[in-house]
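Everything below concerns the one structure shown next.
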């Protein structure tokens, strides 16, 4: 069975398949058999469109530790495709939870609207613990979490506030222009750094990233069936590379002029950070190329 854009993923279309634990380090409990796998679905659509191939999901029907898909070219030859993500798993966990919450929480007892900026390695299980700290801020008429920092460190609530500030968390009261109930808006901390010259860093940083244990296991899967052509599609999280390289992948920029030399028999590595910058392909021994955005709704898992 071939997969095309708009089809339901076979792993979720078959109600007899066991429920899987969501992969890629996300802090989500179980994936319903009726839910689609947006990370793989989007990757399959991008690869199929760019290469003009049919994408046949393979990691299904009871196959264990199998490559995610086979690429079937019009001339009959096949290639292997594995889909994964690149970047800290802690970032994946908090990013996934904030999306499920739509970046918004309501806290009983709050009188004001707050914007909370969260570090990218923030444990999702600690989100609920922020409620008491925000309530304490309002009790002390503090419009910013920083204003509690100078309080009595022996007080449990102040100790908690200091812990959040030291971890890089920021919280501030904001003024809304319309009559709305108090709420807490949650946003991830931004990433800043030098952007110029990132094309000279991409190849080296990718080599380091591909040497990790997680990436080595994904690369191994692409060769398990003996295919000579092997593709690794990576959704790139914001903290996966240095700020300049991340900016290049997400928003566009010059690519390295030297031909990429991919490790362990890989034919191509695909790097995608979303919809604006398209997808960067490293074609081993040939060139780097940026494909135009194909899926406006694509998001980094």
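In the numbering used here, the protein residues as written are 928 to 1228. Just so you know, even glycine gets a beta-carbon here, dropped at the ideal spot from N, CA and C. As the structure is a prediction and not an experimental result, all values here were calculated from the model.
Whole angstroms is fine: what's the gap from residue i's alpha carbon to residue j's?
i, j, result
"residue 1087", "residue 1221", "45 Å"
"residue 1014", "residue 1021", "13 Å"
"residue 1212", "residue 1143", "20 Å"
"residue 1159", "residue 1117", "27 Å"
"residue 1202", "residue 1003", "31 Å"
"residue 1064", "residue 1139", "42 Å"
"residue 1069", "residue 1032", "20 Å"
"residue 1083", "residue 1094", "17 Å"
"residue 952", "residue 1066", "Only weak support is given to the placement of residue 952: the predicted model assigns it a pLDDT of 36, under 50, and the value that follows is read from those uncertain coordinates. Computed Cα separation, rounded: 37 Å."
"residue 1054", "residue 1029", "14 Å"
"residue 1250", "residue 1012", "Residue numbering for the chain in the displayed model covers 928 to 1228; residue 1250 lies beyond these limits and cannot be assessed."
"residue 972", "residue 1114", "29 Å"
"residue 1136", "residue 975", "25 Å"
"residue 965", "residue 1077", "45 Å"
"residue 1123", "residue 1072", "35 Å"
"residue 1174", "residue 1058", "33 Å"
"residue 1085", "residue 1056", "13 Å"
"residue 934", "residue 990", "Because residue 934 sits at a pLDDT of 42, beneath the cut-off of 50, its placement in the model cannot be relied upon, and the point is left open."
Counting only the same chain and skipping the five closest in sequence on each side, list residues whose C-beta sits under 6 Å from that of residue i.
i, result
"residue 1168", "1132"
"residue 948", "Below a pLDDT of 50, predicted positions are generally treated as unreliable, and residue 948, at 27, falls in that range; the measurement from the model is reported next regardless. There are no such residues."
"residue 997", "983, 985, 1005"
"residue 1156", "1006, 1194"
"residue 993", "985, 986"
"residue 956", "Note that residue 956 scores a pLDDT of 36, beneath 50, so its modelled location is shaky; the value from the coordinates is reported in the next line. Same-chain partners within the cutoff: there are none."
Since residue i and residue j are thought to touch, with beta carbons under 8 Å apart, how far apart are those beta carbons, to the nearest angstrom?
i, j, result
"residue 1126", "residue 1170", "Not quite, the Cβ-Cβ distance comes to about 14 Å (not below 8 Å), so this is no contact."
"residue 1161", "residue 1197", "6 Å"
"residue 995", "residue 978", "Not confirmed; about 15 Å, so no contact."
"residue 1100", "residue 1041", "6 Å"
"residue 1000", "residue 980", "5 Å"
"residue 1230", "residue 1097", "Outside the modelled stretch of the chain, which goes from 928 to 1228, sits residue 1230, for which no answer is possible."
"residue 1215", "residue 1187", "6 Å"
"residue 1037", "residue 1074", "Contact doesn't hold; Cβ gap of about 16 Å is too wide."
"residue 1163", "residue 1176", "5 Å"
"residue 1017", "residue 1048", "4 Å"
"residue 1130", "residue 1185", "7 Å"
"residue 1150", "residue 1192", "6 Å"
Quick one: give me the first and last residue of the alpha helix (DSSP H) that residue i is part of.
i, result
"residue 1064", "1057 to 1066"
"residue 1029", "Neither: residue 1029 is in no alpha helix (DSSP H) and is coded neither H nor E."
"residue 1178", "1170 to 1178"
"residue 1144", "1140 to 1149"
"residue 1087", "1083 to 1093"
"residue 1203", "Element bounds for residue 1203: n/a, residue is neither H nor E."
"residue 1099", "No alpha helix (DSSP H) holds residue 1099; the beta strand (DSSP E) holding it covers 1097 to 1101."
"residue 1160", "It is not in any alpha helix (DSSP H) - residue 1160 instead sits in the beta strand (DSSP E) that spans 1157 to 1163."
"residue 977", "965 to 978"
Name the two residues that bound the continuous beta strand (DSSP E) containing residue i.
i, result
"residue 1111", "1111 to 1115"
"residue 1134", "Looking at the DSSP string, residue 1134 is not in any beta strand (DSSP E); the run it does join, the alpha helix (DSSP H), is 1129 to 1137."
"residue 984", "981 to 984"
"residue 1012", "1005 to 1013"
Looking only at its own chain, which residues have a Cβ that is under 8 Å from the Cβ of residue i, when we skip the five neighbours before and after it?
i, result
"residue 1217", "1179, 1182, 1204, 1205, 1206, 1207, 1208"
Only counting the same chain, and skipping five residues up and downstream in sequence, which positions put a Cβ closer than 7 Å to that of residue i?
i, result
"residue 1128", "1169, 1171, 1172"
"residue 954", "Only weak support exists for where residue 954 lies, its pLDDT of 35 falling under 50; the coordinates are left without a value."
"residue 1109", "1037, 1038, 1039, 1040"
"residue 1154", "1005, 1006, 1007"
Using beta carbons (cut-off 8 Å, strictly below), is residue i in contact with chain B?
i, result
"residue 1131", "Structure shown: chain B not included; a single protein chain is present."
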